[in-house]
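Mapping of the sequence shown onto my numbering: residues 1 to 106, in sequence order.
The beta-carbon is built from N, C-alpha and C at its ideal position, and this holds for glycine as well.
Note that the structure is predicted; figures quoted are calculated from it, not measured.
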Amino acid sequence: MAHQLNSDIANITNHKYVAHQIALLYQSICTNALKKCTFLQPYQKSIEDNFKHVKNTINSSGDTPHVTQQQKQWLLDLTSGIVNTAVSQLRSIIPPDIAMVTRPTK
């Protein structure tokens, strides 16, 4: 979800569904299975702090809903941070024989 939102915010100009995507991302990092993953808590807090502002911007931006440049940068940082952190954390717990399979080929 984080990867998709990052791609959307970087490549589309109509942000009509961004608030919905943020809500889905928030739900995905707050699932029971991930609640023990303390490395995601800063991202959860960041979404809680910024969601209403983003939603209000989208709802008040007229015919072509969009976020501000500052909100766009926050979303890019947030989503890339989630992806990078999750990958890093997964690498530390994946057994070496499986990790070799998941590495990109050159």
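In this structure, T13 places its C-beta atom within 8 Å of the C-beta atom of T64. When only Cα atoms are considered, Q41 and V83 end up about 14 Å apart. When rounded, the separation of the alpha-carbon atoms in I29 and E48 is 12 Å.
DSSP, read as helix, strand or coil, puts H53 in helix.
Collapsing the DSSP output to three states places D8 in a helix.
Below 8 Å, too few C-beta pairs join the segment 86-93 and the segment 16-26 to call them touching: fewer than three.
Residue state for V67 is assigned as coil, using DSSP reduced to three classes.
For I94, the secondary structure class from DSSP, reduced to helix, strand or coil, is coil.
Residue burial is scored here from C-beta neighbours: N6 has at least 16 other C-beta atoms within 10 angstroms and is therefore classed as buried.
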